[in-house]
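According to mature numbering (1 follows the signal peptide of the UniProt record, and there is no 0), the stretch in the sequence shown is residues -36 to -1, 1 to 555, in order.
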Amino acid sequence: MSGGRHRRRIRIGLPVAAAGVAAAVAAALLSTSAGAATASERTPRTPVFHTVSQAELQARVAGGLAGGDIAGQTTSKSSLSSSTSSGTVDPKIIGGSTTTISSAPWMAQLFYQDSTNDVYFFCGGTVVSPTKILTAAHCVKGYNWAKYGAIVTGATKMPDENGNTTGTVTGAVRQWNHPSYSSRTIDNDIAVITLNQPVKATPIRMTTSTDTTSYKAGTSAKLYGWGRTSSTTQDVSDTLKTATLPIQSDSTCAGYYGADFIKGHMVCAGNPATGSDAGTTSACNGDSGGPLIVDNRIVGVVSWGVTDCVEKGAYSVFSKVSTYLGAAYAQVDDANMSYTDAKADLFVRNKSTGVAYEKDSKGTSFGARQDLGDWGGVNLVLQTDLNRDSVQDFVFRQSSTGDVYWLRYVWSTDSWSEKKIFDNWKTRTRIIAPGDLTGDYKPDLVSVDSAGKAWLYPSNGDGTFAARKQIGTGTGWNSYNMVRGKGDFNGDGKADLIARNKSTGDIYLYKGTGKASAPFSARVKVRTWSNTTYNAFDAVGDVTGDGKADFLARTPGGTLYLYKGTGKATSEIFATRISVGTDFKQYDIFG
């Protein structure tokens, strides 16, 4: 290729021998309960799973382990094709050493078995929240993980040939890959899989968007995986393995790979391969989607390398997580109520009847409304997921008492339950659920009191909160007649706020810092929308599924506009508005 020597790239997915396994059965899909709600009954959509038995999940594990395909393989790229060996498995990344799941509790094994289309493979992944797995896009794009996938967490060893494992086997409900992923260039190679139930595995955080230290040449990084152990056989590791690799500079990587290496999107690591297993430390097939770790944060996702992994002078290549943090964060902090896609949905309540509705995102429009029951007697509803279990929660305030409740789904009883979280917040002029403001991946709450002070309530992830902290020292938050936030508006992986001055109509962005002591940086003016232009707003996250937080604004006449996020903290923060309906005047509460 232009810009350097041509190297045949491979996705570091697992090629193993085909084996006959029982066919996959019904997918782990979600459906809604039938029938309208009775009076005074709040009925959010309950995640009713079409049961995927442990036997079926085990069969998927066995099929993925014994299958003969490479994740993301296309005809335009050269990929390995090989089979598992009956010989002894050497438990190491090429040049690495064995470790245990207790030292890397966030590691996950991803198995895919689609016997209908004869597709079987294995990838690695990382637990970044109780229901979210960070992995490579080439392990996800074009595949149906809800229907054919199984994820194993908490296991040091690979499963046996029958799919038996010491870990926890979980299904998936939905998946997201970067919308600009290219199977030809293996660019933007990052994805998130949402599990069908929370796992106990300890999550690990992704690095920050401003991290440059971790990517300095010479920085020691740790690689983990169960992938291929030699360039001369297809043996994969039976035991979790790790290796220490030095980060290489962009110029070094481009010097070897030429135009194949895309600066800013990729990072490479390791000493130059020697041309053989001896003296080489490298990721290899089967490590795809796994993490590269610096200072206990994910800085890279295993993406691609050269054929057989040890070509003289070659390096392992990873997706650069700091670049994709905002896009991945939008999926970790999702607001999906349909449970089947990667788009934020909308809660609205009819002013005259008190009946609430769910309107599912179609990307640049919303589908037909779905009845969520009688939500009379409340004057505020927020969409959030306080316990990070992938089921959308609601925080609402009772009009008569000012008490604030958390309505969440309880997995053990398969039902919804209300819990009072604050007493008598009648005088709070604003309550916002912007997402994670403290850097611990747990969604927090913000409220503004009658004196105009803003308060941060750091979430413990279970409906309780640490001691509140005042945001700044000012008392001017009541100068705003709108404060909204759900997601990351400038692409740095930190939750932000949008506020409108009630006198001037000026719109300000408060960029999140991820620090509880000072959760927002100085405000930035990004727009001016007068009170006569818009009289209601909503921020529910990534409506379009492109990895950027979006915004919704309603005119006094009832037209609702979608402002797609651009990730820019300037006057160009939103793209040209798109009308998503003209009948929204009837609604007085937006989630």
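For each residue, glycine too, the CB sits at the ideal point set by N, CA and C.
Relative to the Cα of A503, the nearest Cα in the group G222, V281, A397 and W140 belongs to A397. Remark: three or more beta-carbon pairs, one from each stretch, lie closer than 8 Å, so the stretch 4 to 11 and the stretch 325 to 344 are flagged as touching.
In this structure, DSSP gives R24 a helical state, which the three-state scheme calls helix. For K111, the enclosing alpha helix (DSSP H) covers residues W109 to Y112.
For N442, the CB contacts under 6 Å within the same chain, skipping 5 residues up- and downstream, are T393 and G416 in chain order. Ranked by Cα distance from T439, the first of G476, P69, S423 and W419 is W419. Around the beta carbon of V374, fewer than 16 other beta carbons lie within 10 angstroms, which makes this residue exposed. Here I395 is bridged, per DSSP, to S411.
By a beta-carbon distance limit of 8 Å, W190 contacts M122. Their separation comes to about 5 Å. Taking all protein chains shown into account, G511 has 16 or more neighbouring C-beta atoms within 10 Å of its C-beta and is therefore buried. DSSP places L289 within a helical segment (H, G or I) once states are collapsed to three.
Remark: three or more beta-carbon pairs, one from each stretch, lie closer than 8 Å, so the stretch 268 to 284 and the stretch 224 to 231 are flagged as touching. Within the same chain, and ignoring the five residues on either side of A292 in sequence, the residues whose Cβ sits closer than 8 Å to its Cβ are V92, L98, I154, V156, M170, V285, G457 and G511. Bounds of any alpha helix (DSSP H) do not take in A207; it lies within the beta strand (DSSP E) bounded by K205 to P210. The beta carbons of T117 and T132 sit closer together than 8 Å. Distances from the alpha-carbon of S178 to those of I168, S213, T149 and S146 put S213 closest.
Shown here, D357 sits in a strand according to DSSP, grouped into three states.
Taking C-beta separations shorter than 7 Å and ignoring five residues to either side along the sequence, the partners of A299 in its chain run A308, D309, Q347, Q356, K450, V504 and G505, following chain order. Taking the C-beta atoms as reference points, Y112 is found nearer than 8 Å to D78. Excluding its 5 nearest sequence neighbours in each direction, A68 has C-beta neighbours in its own chain below 6 Å: Y188, listed in chain order.
The beta carbons of A72 and G88 sit closer together than 8 Å. Note on R518: 16 or more other CB atoms within 10 angstroms of its CB, so buried under the neighbour-count rule.
The straight-line gap separating the alpha-carbon atoms of D367 and G427 is approximately 14 Å.
Classified as buried, R361 has 16 or more neighbouring CB atoms from the shown chains inside 10 Å of its CB.
In the displayed model, W389 falls within coil according to three-state DSSP, outside both helix and strand. D214 carries a helical assignment under DSSP once its states are collapsed to helix, strand and coil. Annotation: S325 to G403 spans about 28 Å, alpha carbon to alpha carbon.
By the neighbour-count definition (other C-beta atoms within 10 Å, threshold 16), T546 is an exposed residue. If you compare the alpha carbons of N128, Q161 and I65 with that of T120, the shortest gap goes to I65. Contact annotation: G290 and G455 have beta-carbon atoms nearer than 8 Å.
One alpha carbon belongs to G135, the other to D305, and they sit about 15 Å apart.
One thing to note: I553 has its Cβ no nearer than 8 Å to the Cβ of V319.
Ranked by Cα distance from T149, the first of S267, E275, L401 and Y527 is S267. By the beta-carbon neighbour count (other beta carbons within 10 angstroms, threshold 16), S423 is buried. Secondary structure of A185 (DSSP, three-state): strand. Under the DSSP assignment, L401 falls outside any beta strand (DSSP E); it carries neither an H nor an E label.
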